[in-house]
Each structure stands twice: as structure tokens, then as C-alpha cells.
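These protein sequences, in sequence, are chains A and B. Read the first sequence against the working numbering and you will find it ends at 1902, with the numbers running on by one and no gaps. Read the second sequence against the working numbering and you will find it ends at 1902, with the numbers running on by one and no gaps. Backbone N, C-alpha and C define an ideal beta-carbon position, used for all residues, glycine too. Report on the structure given below.
2 protein chains.
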Amino acid sequence: MGIIIALVFGLDIEGGFANPDLGRGLQMAFYFVVGSVLSAGAGYMGMTVAVHANVRTATAANESLSKAFNLSFRAGSVMGLSTVGIAILGMSTIYLITKDPNYVLGFSLGASMLALLAKAGGGIYTKTADIAADLVGKIEAGIPEDDPRNPAVVADNVGDNVGDVAGMGADIFDSYVASVVAAMLLGFSLPKGEEQIIYTAFPLIVCALGILASVIGMFFVKVEEGGRPGKALNTGTIVTSVLLAVFVAIVVLVGGFNMGVMWATIGGIVTGIIIGFTSDYYTNDVKHPVQYTSKVSTSGSAINIITGISYGFLSVVPSIIGIASATLISYFVAQAYGLPGVYGVGIAAVGLLSISGMIVSSDAYGPIVDNARGIAEMAGMDEEVIRKTDVLDSAGNTAKAITKGFAISAAALTVLALFAAYSELIAAATGIQLVISLRDPMVIAGAMLGTAAPPFFSALLMLSVTHNAFDMIAEIRKQWADEPGILKGEVEPDYEKCVELASQDAISALIGPGLIAVALPLAVGFVMGPEALGGFLGGSILTGIVFALFMSNAGGLWDNAKKFIESGNFGGKGSDAHKAGVVGDTVGDPFKDTAGPSINTLITVMSLVASTFAPVIGAFSIFG
Amino acid sequence: MGIIIALVFGLDIEGGFANPDLGRGLQMAFYFVVGSVLSAGAGYMGMTVAVHANVRTATAANESLSKAFNLSFRAGSVMGLSTVGIAILGMSTIYLITKDPNYVLGFSLGASMLALLAKAGGGIYTKTADIAADLVGKIEAGIPEDDPRNPAVVADNVGDNVGDVAGMGADIFDSYVASVVAAMLLGFSLPKGEEQIIYTAFPLIVCALGILASVIGMFFVKVEEGGRPGKALNTGTIVTSVLLAVFVAIVVLVGGFNMGVMWATIGGIVTGIIIGFTSDYYTNDVKHPVQYTSKVSTSGSAINIITGISYGFLSVVPSIIGIASATLISYFVAQAYGLPGVYGVGIAAVGLLSISGMIVSSDAYGPIVDNARGIAEMAGMDEEVIRKTDVLDSAGNTAKAITKGFAISAAALTVLALFAAYSELIAAATGIQLVISLRDPMVIAGAMLGTAAPPFFSALLMLSVTHNAFDMIAEIRKQWADEPGILKGEVEPDYEKCVELASQDAISALIGPGLIAVALPLAVGFVMGPEALGGFLGGSILTGIVFALFMSNAGGLWDNAKKFIESGNFGGKGSDAHKAGVVGDTVGDPFKDTAGPSINTLITVMSLVASTFAPVIGAFSIFG
């Protein structure tokens, strides 16, 4: 499917009506395919490493906490470093061959399209299987979770790996690439000359420094016996950030580059860390929101839901203030040193994402120790081992919250830079500076349609989850009815069938969301013109950030509120509060694992589509 | 409190640093107070009429359906016509005295501030009492709803009237006035001369024609015995709309006015009706969304919530498309005839709201028949009577859904016109045309803060509801513990205390939301400058529309899904599906009765504040 899309894109874009250039189109198509293949590769590799590390971590926990921690973090770092390594290798190679960041844009679009399909599809798949298995298994048949008599159990386990690990690998790959390409395009739009060459390549240099900083930072992630794994991960992140700032400063000072890029990078990193640590507030179980939500759960599911949604709404506020500050700081700092302000925003995004090597490592650590805990329990290992994996697991949760804040702020800065790049590409194609004024009715109408895109997209994903879950429930019931031996444990159910059903349903559910991401911006651009498309992107970015924060944080909050109750508070397991907590957690599942994290990728893909097609849209539109 | 606010406003604004003019400031303050008093009066009158009509409708239903219908509709129309009558009287008088729509702006701000306090405060009050009474009464003590042994029962009943009827009266009053003042300000910004005078006064003429059309339209609202009340209400709305279009056309053609205003009015009305009828789809129980949500409720509360939220998100899409089309049509139609496009948008909003007389009548009809049904049941009237009130009630629900679509699209057009008026006022004050470009970092940062305002506001309201409910629960438990005679029915509980508690809590809960509405736009304007405030308004309008539609429609959908189950589907009352439906309905309560409808008023108040303070903000800001 990727290849077909690639060909259509490649033939259409640069080689569009205005100036047909089939060779250029084919080259774009080629890099598009390369982007999507490498993005898929990053996801696949992550999955492979994670699956192998799970068992070994559980075994290591038998020996010592520090051994288990080091092993799982090392596995995570293999994934982190190779993700960014592949990305920078791909981008540098294309840029060195073509000397034109527009081809890197093709690569980036390929990577993001694949990430969108992987995250949205994986998210639907995993929650379909999860919900169906729970509803029929636990509630109807009264068999425990992960019971082999449940035909959906294999699909459920496959889903966990697909959604958590592969989705995340492809996702960071795509954000990383998109931030670099946005900054490169903005550098490329400078007047021809030495400066243009330097600032087009500069984002790649920052990335290289980021990898170096991450590798050194990882040496600081160590846990002695009895130490605190959470602290070790945070130390690693902070050391890496400081190192990156130092490296960038040295390169800028020694190389005689513009001081503006240095301050923009540093500003980006500092804000990213602040947002990361504050976003932890709304989902951490020692803080007020989770505790209060757990407390009100004693009055039933409805109050739990209202409270969770309210805190999800509230959680938008500090992050938005942080992102707005980061935008202003990086813009004006760059401008103060004579660079275009938007280039500063682009470089801030690159600075943030350049330490992805370290960030992905702590993030991938999470699912590994989570699964290790499950394995330890199922294998009936020692109480002490399970306690150790618990310690490891809770450190993973904090790391995950920080990563999430980091990722959303990085994505926001990236799409803002892409938005600026889109305007520059229109200017380059038409020779006219685009004016995206909120006093222009076309811009306002475009912005309205843009604001509707993220909720539309989220609704389709979530409705697919429930719809597909009902399909699978029917299949499970059918298997049990056709072969009564299954429930007695005498006959093995047809696991394969459920895996297939979940995959097919997830793929067909991707058509609508995929069209929103690709066809909607094109329709707005070609019908209403480049200004309206600018408004559309602006609107979708604004609500996209709001919905991504709301859904991810509310989901995380419900998850931890349920766990907080399960750990013995407000009546513990089996109490009324717990039942309400379970309802909240189930509502939160598609929020945080299906819709929420896909919205970031949605707005990235829409911005990339707009930039890729900017030359044709600039030349042709019906009412624009 | 209103008076204090008024004085602060009046002294500060026009008479600000730049050009102190105390007389003008005091005059503004006076009209501000008049606006808030009349707005409160409209709400109070509605409440009085409704309370009296309830009982009489129930009695009339004993005789015949048509008599009961005519009586309740007549009561609604008293309210509808007097609301718009008072509004137009106030505005015309002020304009005739001062010849300056800026004073009408003061009047409008007063009306909207009061509407915000009435709706948000009333919404918190009613849901606090409702939830507390239910949780302690039904669940803990096992006594039925509305049982006199429950100390919160009086507060609960008072709340219903405050929230439903008074809130709505004040709300329509404020939207109506805001739309007229926006169009008047835009007319006033034309170059001095005959045209300026005509188009400043024209919105008042449209309103007068709207009242005439409404009065005639009401004669068509009649039900013969055995007829369908829903059809009668819709006929009334359509006849009124057609008449208004005809009247406006006659006035424009005979008076030789610009044809652009005629087409803008007609375009506005047509779109309003289309949006009204399509918005019915998501909350009507014969349509797919409500039926599907009811069906999936058989699998529990979580699925009910996920599905309701998803359809709430989806419901945003058609309305947004409708609002965007209305904006474009009215803008370009006015421009084609040589008027400023934004004036067309303003006139479209006035056209839509000018038939409020008819709209409010059908809307006020709803709560009247709803209460009549309750009275009939409690008074133990005939089965046949209850069946008749049921028929009347279900027609009320459809009317309500249509009104809601109408109101939200009218509010959206109004705030867009206010947004344009703000730019004109800045231009008038500084002599510089405001450029609100999404490529300006200050505008982007302002827009981000603006997008966060509606979720921030909603979260505070909803958290107040649950927080205050817990306060009241404590009070109820205390009364029962202190005086065991209450639960035995021997001693009357202290109802007064609960009413007081609910009022005090609601008032103190208004501080945060009030600050968001007033202080936040001022802070953005004075710190970041008039462009950033433009971005802020743009961002808040965009997410405001999305959140208002999402929350109102999801709430309505859950309400009707519960009722659909209660009417015997999927197991009926007491089934698992019903339990899930009740959870959804409870979550939907603060969505549709507290936060959702207040967001419209929030964005109106923020736009009015920006316009009122535009001269000072234009003259002074820190970084702008």
C-alpha cells in the first residue's frame, strides 16, 4: 500500500501540472518508500529487542535489582540509539546525494505516513483485542485474564507489543525526522550563499551532537543494589541535556556560527524538560489529581469519569503555556541574532528531539520491565523477585510521563516549524509571501475545518475500537458454541482466527483516519487556496495539541487512579471505588493508547502533506 | 457585585490613560448596569412564567392535548417575546440617546457578564444539588428521588428552575444583544455619512422585523386534537424564517438599501435552520447514534462513555462545516455588493437571532411540559393524561435540539463579527489596521493561550460541581446524624441550610471562571499586545465552538440513550444496560447543563471585553 501511495505522490507533486518533471517525481517517490521502510524497520527492531529482553530481565531480577535494571535499560538503549542512528543516516545520505532538503521532505512524509498507520492501526488492534478478551472472558465466561481458553488471548498479547513498542519506535523516528526536515527547509529558504548551506545542514549537526550526548549520558544511568531506578533515569536525561547544550555551545563558538541557534537550542531543551516534569503532576499517584480522582471513585463511575475529564482538560493549561513560551523564546532569540525567527523555532524542536536517543531508551525500558513483571508472576517466581520488578516498573511509569510531555512539546514546535516551512515553500513556488490573516474569511473557514480534524479523527479511531471489539466478541462466542471442548480446556481455540480478524478490522478502520490526514488538507488547499490551507493547518495544530494533551493525560490519570486504589486505598481491589476505577481505566485506554498519541502524528502528516504539495497548491486552486 | 464591576469598568475604559473622560466612563458604567439588570429581569420573568404554567398545563392535559399544548406554548411565547422586546427597547433607547454604538457595547457587556454568572453559577448550583441528593438519598439511604426526608430536595428543585429556565432567558438575551452590537459597531466603522448611519441602525430594523415575523409565525403553531406538537413547532419556526426573509427583502427593495444585507440575512437564516435540523441527528432517539450507544451499553458503562464521547466529537463536524459555509457565504455576498464582508457576517448573525422570539417560545415550552409531566405523575393523574404529557414532552426535546444548533451557530457568527469589530476598534483607536497573522509568533502564542481557555473554564466548572456536591453530602449526613428523627419522617430537615450551602458554594466557584472570562483577555492584551489578543480571541473562538458542540451534544445523546433504554429497549429499567445508561447520563449532566452551554457565553464575554478595552489596549501594552 505504501508503494502505491508513494507512486501517486511522487508523480503528482513537484512534477505537477505547472512543471512536469517525472524524474524528480520518481526520486521523491523513492525516498518516500525509503522513509516508510526505515520507519517500519525502527518499529520492528524495537519489538524484537523488547521481546527478547523481557524474559532475560525477569531472570536477572532473580539475581539482583541492579543487574535487571542495567539489562533492561541496555535493551532500551539499543532501540533508542539505533532509531536515531537510522534516521540520521537516512537523512544525511539523501541530503548529501541531492543537496536539496525537499527530497528529505519526501523521506519524512514516508516515515510519518507509516508511523500514522502503525500507531493508529496498532492502537485500534491492541484495544480491540484487549476489550473483547476482557468483556467475554472475564465478565461473561468468568475465566481469568490471559486464560488460554480465550480465543482472543494471543491477539491481546500481540497487541501489547504492537501498540506499545513498535508504535513508539515508528513514532519517535517520524517526529525526529520531521523536526530536522522542517529546520532544514527553513534554512534552505535563506538567500543563496554560505549561510544557506550552513543553516540547512546545521540541524543534522545538532542531531549528531545529540547522539554523542546520549551515549555519554547513558553511562550515568546506573543503579547500585538498593538504589532508585527512577532517579537513575532522570539523571541520565539531565546529564544528556546539559551535555548537548555544552556541545552545541562549543560548536557554535569554535565554528563561529550564529549565537542565535545556540540559545534557541538551549531554550528548547530547558522548556522541554520543564514541561516533561510538570506533566508528570497530572498522572503521578503521589500528587493531588490521581489521589482526588481515586477518592471520588468511592461515589461511583460517573464521578470518576467527570473528575478525570476535568483534570485532563486542566492538564492542557501548563503545557500550553510552556509551549507558547518556548515558541516565543526561540523565535525572538534567533531574531535578535539576525536569523529568521521561525528558524529558531525549528532549531529548538531539533534540539529537543536530538536527545531522543536517551529519551527512547528510558521509554522503551518501561514496557520491557512491565512485561518482565508479568512473566515473573506467571512463572511463579519468588515474592522478592516480583517486588524488585515492581520497583523497576514504577520507575518506568514516571519515565513514561516525562517522555510524553517531552514528545508533545517537541511535536508542537515541529509542526509550528513545518507550518512556517509550508509558507516559505508557497512563497518559493509563487513568489508571493503568504498572508495567513485571521481577518481573512477563507483563513477563518479553513481554520474552522482544521479545528474539527483532530476530534473527527479521534472519534473514528475510538468508534472503530468498540465496533471491532463487538466483531471479535461474536467470533469468540461462535468458537465456544461450535466447540464446547474449548471452554473445558480440552481443545485449543483458533487463536489465529482472532489475530486475523483484529488485523483485518484494524486495517479497514484506517481508511477514514488516513483520508482525514491526507485528503482533507489537499481538498482544502486545492478548493479554498493556500491561505485557507494555512488556516486549516493552524486550526488543526491548535486543537491537535489540546486534544493530544487532554486525552493522553486523562488516560494516564485514570490508569494510575485504578492502580492507586488497587494498592489498597479507598477499599482496595473489589471495592466499589475499584469498580469505578476500572471503568475509568477502560475509558482511558483508547484515549491514551489509540487516539491521544496518534493526534501528534496526524498533525505532523497533515503539515508534511501541505508542504510537499505546496508548489502545486500555490500554482492551482479553485477559489484561493 | 455587578455594580462594583460596572464602576471599575466604566472608570477604566474609554476614560483610560490615553484620554481620561470621566463622564463617558460613568455613562458606560450606567449602561453596563442597565444591561445586567435587564438580562437578570429576562431570566427572572421566564422563571415566574414557567412556574405558573407548569401546573396549569398539567390540569389542561386532563381536558385535551390541544388545550395543554396551546397553553404551554403561549406561556413560552410570553417569555420569548418579552425577552426580545426588552432587549430591543434597551438597545434602541441607548442608541437614540447617544447616537454611538459604543455605549450599546457597554449595555451588551453588562448583559453578557450577567448571563455568564447566571448560566455558570446556575449550572453549578443545579448539578451540585442534583448529584448530592441522588448519591446520598438514592444510593446510601435508599430513599426515592424527591423524598421530603432528604435535606437537599428543595435545593434540587430550585436548581432545576434556575438552571433550565432563568439561565436560558438570560442567555438568549445576551446573544441577541451581542449580535446586534457587533453589527452596529461594524456599520459604525464605515466612513462617515449617510451609509454609516443607515448600516449602524439596520441591525435594529432587522430585529424589529424579526419580532413581527415571530408574532405572525406563532399563529401557525396550533395542534388539533390528535395532531403532532413537534410538527406544529417546526412549522412555526419555518413560517417565521420565511416571513423574516420576505420582510427584509421588502424593506431592502422598497427602501433602496444594499442588496448585500438582504442576501446575508437570508443566507444566515437558511444555514441556521439546516444546522438546527442536522444537529438533531446526534441526539434524537430514532437515529443511529443514540440507538447504537444504547445497544453498546449492554457491555457496560465504559463502552457507553467511549461511544458517547466519540459521537460527541463527530457531531462537531457537520456543524463546523455549516458555520464555515455561513461565514463564507455572508462575507462574500456582502462584499459582492460593495459592503465590508464582515458586516455581512454580522448581519447574518442578527438575522439568525432576530427570530429568537419564536425560537425561545418553542424552547421555553420544553421545560414547561417536562415539569407538567412530573406534576401529573406526582398528583396521580390518569394514565391518559400522562400519555398526553409524554407526547408534549418528546416534542419539546426535538425543539430543544433544533434550538441548540441554532443558538450555537448564531453565537459562532456573533463572535466572529465581534472579532472583526475588535479589529476595527483597534484601528479606530490607533489609526493602524491590525494584522492578525498566524505567521506572527505573538499571534500564535496568543492563539495557543486562547485555545486553552475553553477547556480550562470547563474543567473549573465541572470540578466545582463534584467538589460542592461532596460539601453538600457532608451536610446531609450531618443533619441525619444530629437528628435521627429526620429519616423516620418525624422531623423536617433543614432545607434552607442546603439551599444556602449550594448558593454560597456556587458563587465562590464562579471566581475562577469569571477571571478567565475577564482578566485573561485583558492580561494577554496588556502584556502581549493587540495582535496577540486577536490571536487569543481567534483561538478561543475556534476551540470554544468545538467544545460547546461536543459537550452539549454528547450530554444530550447520553440523556436520550438512557431514556431509550428506559422505554423498554435492551432490557429496560434495572438492566445492566440501564445502569450503564445512568452512568452516561450523570457524566453528561455537567457536560450539557453546566460547562457546554456556558462556553458560548464565555467566548462572547471575552470578545466583548476585548472590544470594550480595545482603545486602551491599542494605546498601551508591554510587549505588543
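Just curious, the alpha helix (DSSP H) that Leu1219 (chain B) is in, first and last residue?
-> Nothing about residue 1219 (chain B) can be reported from this structure: the residues present for chain B run from 1279 to 1902 only.
According to DSSP, is Glu1292 (chain A) helix, strand or coil?
-> Legend: pLDDT at Glu1292 (chain A) = 45, less than 50; position of this residue unreliable, no value from coordinates given.
Is there a Cβ from chain A that is less than 7 Å from the Cβ of Met1323 (chain B)?
-> Closer than 7 Å: no.
Where Ser1575 (chain B) falls: helix, strand or coil (DSSP) | Helix.
Three-state secondary structure (DSSP) at Ser1818 (chain B)?
-> Helix.
Which residues, in order along the segment 1709-1730 of chain B, keep a beta-carbon less than 7 Å from a beta-carbon of chain A?
-> Of all residues in the segment 1709-1730 of chain B, those with a C-beta nearer than 7 Å to a C-beta of chain A are Val1713, Ile1714, Ser1715, Leu1716, Arg1717, Pro1719, Ile1722, Ala1723, Ala1725, Met1726, Leu1727, Thr1729 and Ala1730, reading in chain order.
Are the beta-carbon atoms belonging to Ile1819 (chain A) and Ile1881 (chain A) less than 7 Å from one another?
-> Yes, the Cβ-Cβ distance between Ile1819 (chain A) and Ile1881 (chain A) is below 7 Å.
Relative to the C-alpha of Ile1843 (chain A), which residue among A:Lys1857, A:Asn1831, A:Gly1834 and A:Ser1830 is closest?
-> Checked all of A:Lys1857, A:Asn1831, A:Gly1834 and A:Ser1830; the closest Cα to Ile1843 (chain A) is A:Lys1857.
Helix, strand or coil at Ser1889 (chain A) [DSSP, three-state] = Of the three classes helix, strand and coil, the one that applies to Ser1889 (chain A) here is helix, per DSSP.
Can you tell me whether Arg1665 (chain A) is buried or exposed, with buried defined as 16 or more other CB within 10 angstroms of its CB?
-> Exposed, since its Cβ has fewer than 16 Cβ neighbours within 10 Å.
Grouping DSSP H, G and I as helix and E and B as strand, with all else coil, what is Gly1508 (chain B)?
-> Here Gly1508 (chain B) sits in helix by DSSP.
Inspect the beta-carbon positions of Phe1497 (chain A) and Ala1320 (chain A) and report whether they are closer than 7 Å.
-> Against a cut-off of 7 Å, the Cβ pair of Ala1320 (chain A) and Phe1497 (chain A) comes out as no contact.
CA-CA distance, Gly1790 (chain B) and Gly1415 (chain A)?
-> The alpha-carbon atoms of Gly1790 (chain B) and Gly1415 (chain A) are separated by roughly 46 Å.
Of all the residues that make up the segment 1788-1817 of chain A, which are near chain B by a beta-carbon distance shorter than 8 Å?
-> Within the segment 1788-1817 of chain A, the qualifying residues are Gly1812, Gly1813, Gly1816 and Gly1817.
Residue ranges of each alpha helix (DSSP H) run of no fewer than 4 residues wholly in the segment 1298-1357 of chain B, ordered along the chain?
-> If you keep only unbroken alpha helix (DSSP H) runs of at least 4 residues inside the segment 1298-1357 of chain B, you get 1300-1341.
Compute the beta-carbon to beta-carbon distance between Thr1515 (chain B) and Met1325 (chain B), rounded to the nearest angstrom, for a pair I have assumed lies under 8 Å.
-> The C-beta distance from Thr1515 (chain B) to Met1325 (chain B) rounds to 24 Å, too long to meet the 8 Å contact threshold.
My guess is that Leu1827 (chain A) and Ile1686 (chain A) are in contact by the Cβ rule of under 8 Å, so how many angstroms apart are they, rounded?
-> That belief holds up - the Cβ atoms of Leu1827 (chain A) and Ile1686 (chain A) are roughly 6 Å apart, short of 8 Å.
Could you tell me the boundaries of the alpha helix (DSSP H) in which Asp1641 (chain B) lies?
-> Residue range Ser1634 to Met1656 is occupied by the alpha helix (DSSP H) that includes Asp1641 (chain B).
Do three or more CB pairs link the segment 1652-1667 of chain A to the segment 1569-1581 of chain A at distances below 8 Å?
-> Under the Cβ criterion (8 Å, minimum of three pairs), the segment 1652-1667 of chain A does not count as touching the segment 1569-1581 of chain A.
Please determine, among A:Val1432, A:Ala1398, A:Val1493 and A:Leu1464, the residue with the shortest C-alpha to C-alpha distance to Gly1448 (chain A).
-> Residue identity differs from the one stated: residue 1448 (chain A) is Ala in this sequence, not Gly. Closest by alpha carbon: A:Ala1398.
Inter-stretch contact at 8 Å, needing at least 3 Cβ pairs: the segment 1728-1745 of chain B / the segment 1859-1866 of chain B = Contact fails: fewer than three Cβ-Cβ distances are below 8 Å.
For Met1750 (chain B), go through chain A and note every residue whose CB falls closer than 8 Å to its CB, in chain order.
-> In chain order: nothing, as chain A lies at least about 12 Å away.
So which residues on chain B does Thr1744 (chain A) lean against when the C-beta distance must stay under 7 Å?
-> Within 7 Å Cβ-Cβ: Val1574, Ile1581, Ile1584 and Thr1585.
Does the Cβ of Asp1660 (chain B) have 16 or more other Cβ atoms within 10 Å, making it buried, or fewer, making it exposed?
-> By the neighbour-count rule (16 or more Cβ atoms within 10 Å), Asp1660 (chain B) is not buried but exposed.
Going by DSSP, which residues form a beta bridge with Ser1715 (chain B)?
-> Answer is A:Ser1715.
Using alpha carbons as the reference points, say which of B:Val1499, B:Gly1488, B:Leu1521 and B:Leu1630 lies closest to Thr1681 (chain B).
-> Comparing Cα positions, the closest option is B:Leu1630.
Okay, do the segment 1528-1535 of chain B and the segment 1577-1585 of chain B touch, 3+ Cβ pairs below 8 Å being the bar?
-> Counting C-beta pairs closer than 8 Å gives fewer than three between the segment 1528-1535 of chain B and the segment 1577-1585 of chain B, which falls short of the contact rule.
Give a yes or no on whether the minimum CB-CB distance between Val1883 (chain A) and chain B is below 7 Å.
-> By this cut-off, Val1883 (chain A) is not an interface position.
Determine the direct distance from the alpha carbon of Val1356 (chain B) to that of Lys1500 (chain B), and round the result to whole angstroms.
-> Roughly 16 Å between the two C-alpha positions.
Got a sec: is the Cβ-Cβ distance from Phe1591 (chain B) to anything in chain A below 7 Å?
-> The Cβ of Phe1591 (chain B) sits closer than 7 Å to at least one Cβ of chain A.
For the segment 1821-1835 of chain B, enumerate the residues whose C-beta is nearer than 7 Å to any C-beta of chain A, in chain order.
-> Taken in chain order, the members of the segment 1821-1835 of chain B whose beta-carbon sits within less than 7 Å of a beta-carbon on chain A are Thr1821, Val1824 and Phe1828.
Where the alpha helix (DSSP H) through Lys1857 (chain B) begins and ends | Segment Asp1854 to Pro1868, the alpha helix (DSSP H) holding Lys1857 (chain B).
How many Å lie between Glu1503 (chain A) and Lys1345 (chain A) at the Cα?
-> Straight-line Cα distance between these residues: approximately 9 Å.
Report the residue from A:Gly1763, A:Gly1508, A:Ile1494 and A:Ala1336 whose alpha carbon sits nearest the alpha carbon of Asp1558 (chain A).
-> Considering only alpha carbons, the answer is A:Gly1508.
With a cut-off of 8 Å, do at least 3 Cβ pairs link the segment 1402-1415 of chain A to the segment 1429-1441 of chain A?
-> With the rule of 3 Cβ pairs closer than 8 Å, the segment 1402-1415 of chain A counts as touching the segment 1429-1441 of chain A.
Determine the DSSP secondary structure at Ala1723 (chain A), reduced to helix, strand or coil.
-> DSSP places Ala1723 (chain A) in helix when its eight states are reduced to three.
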